[in-house]
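Quick note, the numbering used here runs 4 ahead of the 1-based positions in the sequence shown.
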Amino acid sequence: MSPGGQSERPRATVGIDYRPALHNREGIGRVARELVRALGELGDEAPRLALFGGSLRPPRVGPDELGLPTGARLVAPRLPARLTGPLLRLCGGADRVLGADLVHLTQLRPLPARRAPTCQMVFDVLYADGGHGWLDPQVARQMEARLRASLPRLERVQVTSGWVRDELVRRGWFDAERIDLVPLGGDHVARPLAGGGADADAARLPTEPFLLTVSRLDPRKGHDLALRAFERLVARGFDGRWIVAGPPGYRADELWSAIRASPVAERVEWRRSVDEHELRALYEGCLAFVFPSRAEGFGLPPIEAMWAGAPVVSSRATCLAEVVGTGADTFDPEAADGVDELVDHLERVVSDASWRAALVERGRAWRERYSWTACARASIASWNAALAR
5 MSPGGQSERP RATVGIDYRP ALHNREGIGR VARELVRALG ELGDEAPRLA
55 LFGGSLRPPR VGPDELGLPT GARLVAPRLP ARLTGPLLRL CGGADRVLGA
105 DLVHLTQLRP LPARRAPTCQ MVFDVLYADG GHGWLDPQVA RQMEARLRAS
155 LPRLERVQVT SGWVRDELVR RGWFDAERID LVPLGGDHVA RPLAGGGADA
205 DAARLPTEPF LLTVSRLDPR KGHDLALRAF ERLVARGFDG RWIVAGPPGY
255 RADELWSAIR ASPVAERVEW RRSVDEHELR ALYEGCLAFV FPSRAEGFGL
305 PPIEAMWAGA PVVSSRATCL AEVVGTGADT FDPEAADGVD ELVDHLERVV
355 SDASWRAALV ERGRAWRERY SWTACARASI ASWNAALAR
């Protein structure tokens, strides 16, 4: 089980917490699905896969969207979330139940192993210190407690960005030498869709040009900044719309109320749930993609937008300067003139076709480093290091 395809040991079995893939289209669910799909495409270069999907809830994501690779074994007993950990312990641990040589955690919910080493993907630490007002404080404290309780039991930690790695080390939560950088991919946006390509009519694309933001609606994502910028664009003559695609998050009602009270409210549309076809059509059809987030652990939507050929204007807060690099025009959401900078970028992108085309080309050049195959190979290298302990 090595990135080069040559293994010095029998092919291992990795047990992966696949629950998010079954129930969440975005975020961790997306990551779990695409990682497993990419591992399957690597064939014998990858480990055997045993996927844990135990839950009382019926899957929200269908078989076509899951794309489970041949040979991957899904173990999905009907279990309430609060009893999953205790019942797995009674059965000898997740490693025994899955027949796994290593257990890989994709979320903070427990999947206890008895003998096999455990690795965990840590996507961010934005819940630390009470959540900074971006999460419900009680939820933030629970998430931090879960992570810190799990860290002593982990052989290795995988992180999506150098910023997350540095935060773990700065806080003294984990040793730097046992943290592996595993950036995510965005090339699923370029993959042919089951049932045909993106359909502009089915996606209800507006006839006028539109800006697009893909994220949960919550204060951390910076929709208030994008709203102020959009109001100024419209005041300067932009005759288009702004579409926000993503589910409600923390304090979403407050943000939506502010949008509805805006003088540009009739030009703003919130699509709370979009499927793969609609999301693809939105990315491909937008005049520009706007990502005004105040904090991320990776920030997948800007990379998805680059893979779809959209020009990207993004925040450069936390990890985002590292992640979007030269593939986007960026602004500082915390600066006093941050909205001014955002407006300047957007005005140039929507009014200057040559600049817009150049920004698309920058995104195409930058996006190549973010593929799910690369993510899968980096994961394999991390697992190999854990197994070789």
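Built from N, CA and C at the ideal position, the CB exists for glycine as well.
Assigned exposure category for residue i - 16 Cβ within 10 Å defines buried
| i | result |
| --- | --- |
| residue 47 | exposed |
| residue 128 | buried |
| residue 142 | exposed |
| residue 68 | exposed |
| residue 10 | Note that residue 10 scores 48 on pLDDT, short of 50, meaning its location in the model is unreliable; the coordinates nonetheless yield the value given after this. By the neighbour-count rule (16 or more Cβ atoms within 10 Å), residue 10 is not buried but exposed. |
| residue 271 | buried |
Alpha-carbon to alpha-carbon, residue j and residue i
| i | j | result |
| --- | --- | --- |
| residue 382 | residue 36 | 14 Å |
| residue 209 | residue 17 | 44 Å |
| residue 126 | residue 144 | 15 Å |
| residue 255 | residue 224 | 10 Å |
| residue 61 | residue 77 | 19 Å |
| residue 350 | residue 161 | 38 Å |
| residue 3 | residue 71 | The chain is shown from 5 up to 393; residue 3 falls before or after that span and cannot be answered. |
| residue 389 | residue 258 | 46 Å |
| residue 152 | residue 121 | 17 Å |
| residue 147 | residue 136 | 13 Å |
| residue 94 | residue 88 | 10 Å |
| residue 4 | residue 44 | Nothing can be reported for residue 4, as the shown portion of the chain is limited to 5 through 393. |
| residue 134 | residue 360 | 40 Å |
| residue 380 | residue 90 | 30 Å |
| residue 411 | residue 29 | Residue 411 lies beyond the stretch modelled for the chain, which goes from 5 to 393, so this question has no answer here. |
| residue 264 | residue 243 | 18 Å |
| residue 247 | residue 214 | 7 Å |
| residue 363 | residue 140 | 37 Å |
Whole-angstrom C-beta distance between residue j and residue i, which should lie under 8 Å
| i | j | result |
| --- | --- | --- |
| residue 118 | residue 97 | 3 Å |
| residue 266 | residue 288 | That belief does not hold up - the Cβ atoms of residue 266 and residue 288 are roughly 27 Å apart, past 8 Å. |
| residue 174 | residue 212 | That belief does not hold up - the Cβ atoms of residue 174 and residue 212 are roughly 46 Å apart, past 8 Å. |
Reference residue i, options the options, closest by Cα
| i | options | result |
| --- | --- | --- |
| residue 311 | 348, 269, 370 and 234 | 370 |
| residue 39 | 378, 389 and 334 | 378 |
| residue 75 | 87, 51 and 156 | 51 |
| residue 301 | 91, 105 and 131 | 131 |
| residue 106 | 363, 281 and 54 | 54 |
| residue 124 | 170, 185, 86 and 92 | 185 |
| residue 73 | 86, 85, 57 and 41 | 41 |
| residue 341 | 283, 368, 229 and 373 | 229 |
| residue 157 | 260, 170, 179 and 171 | 179 |
| residue 393 | 188, 182, 231 and 358 | 182 |
| residue 15 | 31, 282, 362 and 49 | 49 |
| residue 31 | 251, 372, 140 and 92 | 251 |
| residue 283 | 391, 99, 195 and 262 | 195 |
Residue i vs residue j beta-carbon contact at 8 Å
| i | j | result |
| --- | --- | --- |
| residue 319 | residue 337 | yes |
| residue 306 | residue 328 | yes |
| residue 83 | residue 21 | no |
| residue 226 | residue 297 | yes |
| residue 112 | residue 150 | yes |
| residue 233 | residue 353 | no |
| residue 27 | residue 33 | yes |
| residue 403 | residue 375 | This structure leaves residue 403 out entirely; the chain is present only between 5 and 393. |
| residue 292 | residue 314 | yes |
| residue 274 | residue 221 | yes |
| residue 3 | residue 294 | Because the chain is modelled from 5 through 393, residue 3 falls outside the range shown and cannot be assessed. |
| residue 326 | residue 219 | no |
| residue 65 | residue 79 | no |
| residue 304 | residue 249 | no |
| residue 334 | residue 366 | no |
| residue 280 | residue 197 | yes |
| residue 323 | residue 167 | yes |
| residue 193 | residue 238 | no |
| residue 299 | residue 138 | yes |
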